[in-house]
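Peer 1:
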Amino acid sequence: MLIGMAIMPHGNEAVYPPDEETRKLHENLKEIGEELRGAETYVLITPHNVRISWALGVIMAEHLIPWLPFNDVDVPVEEEYGTDRELAQEIFLGAKAEFPIVDINFATSGGKYSRFPLTWGEIIPLYFLEKRPLILITPAKLERERLIEFGRFLGNLLEKADKKVAVVVSADHGHAHSEEGPYGYAEESEEYDKRIVEMLKSGNLEGLLEFTDEFIAKAKPDSYWSLLIALGILREIPMKPDLVSYACPTYYGMASALFRR
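Per this note's numbering, the very first residue in the sequence shown carries number 11; after that it's consecutive.
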């Protein structure tokens, strides 16, 4: 059963808040972690793990090892996480007939050498979550409707699962909020983030389809494609939003939201 879905950032500042606005975000993320303690497995959708241009990815490696922080900032998490391989395999096998999707392992098919790295895209959300088995899914920049349809498929499959599952969408938003940042300044980043927060507060992500490709390219989010999957989930499993907050202490926007049944 799908018990809920969280939108969580992956910026270091979410863990080490530099100002009051980010501190509010931090506190909401802690509360989200408490709310999701009833989950037996997390499905974590992350843009900063395997990057496949043409396909979604499902990580099948048995052992997941925190390895790559951002800017060498240490974020204390568990030394190792396990993959819920049974449910991951069910997702992969159920999806592969309809969607471009790849199952990914490393070194061996199972056992102690079946290992895979975690990056800041997973580490920072995991900081706020009680340790559970994981299923890592990596999005690709596919056609919008394909990602929405995958979300619908995923929501239905998780709803039928014989365990309690929570979806966690690791997402940062516009990355062009500051001239001093690596992408410079673009007003589209501010507009994108403003509209995303409005959608999260309303619980309606349909407005994602109003953004043009040109606008997205200028706003420079990493959240867009993962949020399309979330939109598909919400089309199948309606949920109500809570704990929405936003902060932008550097050049990228961060937001929190918890969708409850």
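All C-beta atoms, glycine included, are put in the ideal place defined by N, C-alpha and C. Bear in mind that the values here come from a model prediction, so they are computed numbers and not experimental data.
1. Tell me which residues share the same chain as residue 57 and place their Cβ nearer than 8 Å to its Cβ, disregarding the 5 neighbours each side in the sequence.
2. What is the residue span of the alpha helix (DSSP H) that residue 207 lies within?
3. Check whether the stretch 119–133 touches the stretch 40–52, taking contact to mean three or more Cβ pairs, one atom from each stretch, closer than 8 Å.
4. If you measure between the beta carbons of residue 105 and residue 66, is that distance less than 9 Å?
5. Select from 108, 78, 175 and 164 the residue whose C-alpha is nearest the C-alpha of residue 45.
6. Classify residue 271: buried if its beta carbon has 16 or more other beta carbons within 10 angstroms, exposed otherwise.
7. Check each candidate in 252, 164 and 256 and name the one with the smallest Cα separation from residue 238.
8. Only counting the same chain, and skipping five residues up and downstream in sequence, which positions put a Cβ closer than 6 Å to that of residue 263?
9. For residue 25, does the three-state DSSP call read helix, strand or coil?
10. Just to confirm the assignment: which complete alpha helix (DSSP H) runs, minimum length 4, are found wholly within the stretch 225–261?
11. I need the boundaries of the beta strand (DSSP E) containing residue 73, first residue and last residue.
12. Just how far apart, CA to CA, sit residue 82 and residue 266?
13. Ignore the nearest five residues each way along the sequence and tell me which others in residue 192's own chain have a CB closer than 6 Å to its CB.
14. Could you work out which residue in 245, 69 and 87 is closest to residue 100 when comparing CA atoms only?
15. Using a Cβ-Cβ cutoff of less than 6 Å, which residues in the same chain neighbour residue 7 once the five nearest sequence positions on both sides are dropped?
16. Can you tell which of 146, 142 and 243 has the C-alpha that lies nearest to the C-alpha of residue 113?
17. With a threshold of 16 other CB atoms inside 10 Å of the CB of residue 137, please say whether the residue is buried or exposed.
18. Going by C-alpha distance, which of 253, 219, 24 and 177 is nearest residue 14?
Peer 2: This is what the structure holds:
1. 131, 148, 149, 180, 181, 232, 233, 235 and 236
2. 197–212
3. no
4. yes
5. 175
6. exposed
7. 164
8. Taking residue 263 as the centre and dropping the five residues before and after it, the same chain places the C-beta of 183, 184 and 203 closer than 6 Å to its C-beta, in chain order.
9. helix
10. 234–246
11. 73–78
12. 24 Å
13. none
14. Minimum Cα-Cα distance from residue 100 among the listed residues 245, 69 and 87 corresponds to 69.
15. There is simply no residue 7 to check, as the chain begins at 11 and stops at 271 in what is shown.
16. For the residues 146, 142 and 243, the minimum Cα distance to residue 113 belongs to 146.
17. buried
18. Among 253, 219, 24 and 177, the Cα nearest to that of residue 14 is on 177.
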